[in-house]
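The sequence shown begins at 5 in this note's numbering and counts up one residue at a time.
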Amino acid sequence: MAASCRVCGKSIALNGKTAHGNIACEICDGCAAQVSGTSGRRVLLESIDAPVLLMQGNPRQVVTANKQAVALFGKKLPEIENHRGGQVFDCVHSFTEAGCGKDVNCEGCKIKDAIVDTFITANPHHGISAELSIKKANGTKTYVVRVSTEKLGDFALVRVERYDAEA
Ligand SMILES: [Zn+2]
Numbered sequence: 005m006a007a008s009c010r011v012c013g014k015s016i017a018l019n020g021k022t023a024h025g026n027i028a029c030e031i032c033d034g035c036a037a038q039v040s041g042t043s044g045r046r047v048l049l050e051s052i053d054a055p056v057l058l059m060q061g062n063p064r065q066v067v068t069a070n071k072q073a074v075a076l077f078g079k080k081l082p083e084i085e086n087h088r089g090g091q092v093f094d095c096v097h098s099f100t101e102a103g104c105g106k107d108v109n110c111e112g113c114k115i116k117d118a119i120v121d122t123f124i125t126a127n128p129h130h131g132i133s134a135e136l137s138i139k140k141a142n143g144t145k146t147y148v149v150r151v152s153t154e155k156l157g158d159f160a161l162v163r164v165e166r167y168d169a170e171a
């Protein structure tokens, strides 16, 4: 059985390495390795048909995001790149003095824990959801945020599967 790489179109032997898990599953090893280069990672992220953030581990922050993520968060790329995940989500706890991931309210944040664990263990996490207080121009609302995470080289992909206010 073979599938074609979404980036370069070459066939990927599915019975060979399936190192790229769930999020980057239709991307060949060669293209996945391009994540360390600025132009290669752009093509790679845009090939994923979902809002995706590319995160680095230390300091833990968003390196960049694809267009679907930019649209989902209603931000410009410079408001996303080099920011903490919580700042991208507009989580209220990311605006405290301690900051995203360090505030006392961040203890037990499932999304933070999943991302940290993916960096430490290289294990993916699927469908991790949390209720976050999201601060928008028109006030603060509780949002349900659901993500999946996956290690890719020295980075982690964070696919945003849900980001909406509770009904
Ligand atoms: Zn490829």
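We put the beta carbon where it would ideally sit given N, CA and C, even for glycine. Predicted model only: the values in this text are computed from it and were never measured.
- The DSSP-derived three-state label of A28 is coil.
- In terms of side-chain proximity, the C-beta atom of K116 is found no nearer than 8 Å to any non-hydrogen atom of ligand 1.
- Rounded to whole angstroms, A141 and H97 show a C-alpha spacing of 16 Å.
- Note that the C-beta distance between E50 and N70 is below 9 Å.
- Here V120 is actually not in contact with I132; their C-beta atoms are around 12 Å apart, not less than 8 Å.
- Not one heavy atom of ligand 1 sits closer than 8 Å to the Cβ of V39.
- Rounded to whole angstroms, the gap between the alpha carbons of A36 and V162 is 15 Å.
- Around the beta carbon of A7, fewer than 16 other beta carbons sit within 10 angstroms, so the residue counts as exposed.
- One alpha carbon belongs to C9, the other to R45, and they sit about 14 Å apart.
- Counting along the chain, S43 sits inside no beta strand (DSSP E); it lies in the alpha helix (DSSP H) bounded by residues 42-50.
- A residue is called buried once 16 or more other Cβ atoms fall within 10 Å of its Cβ, and A102, having fewer, is exposed.
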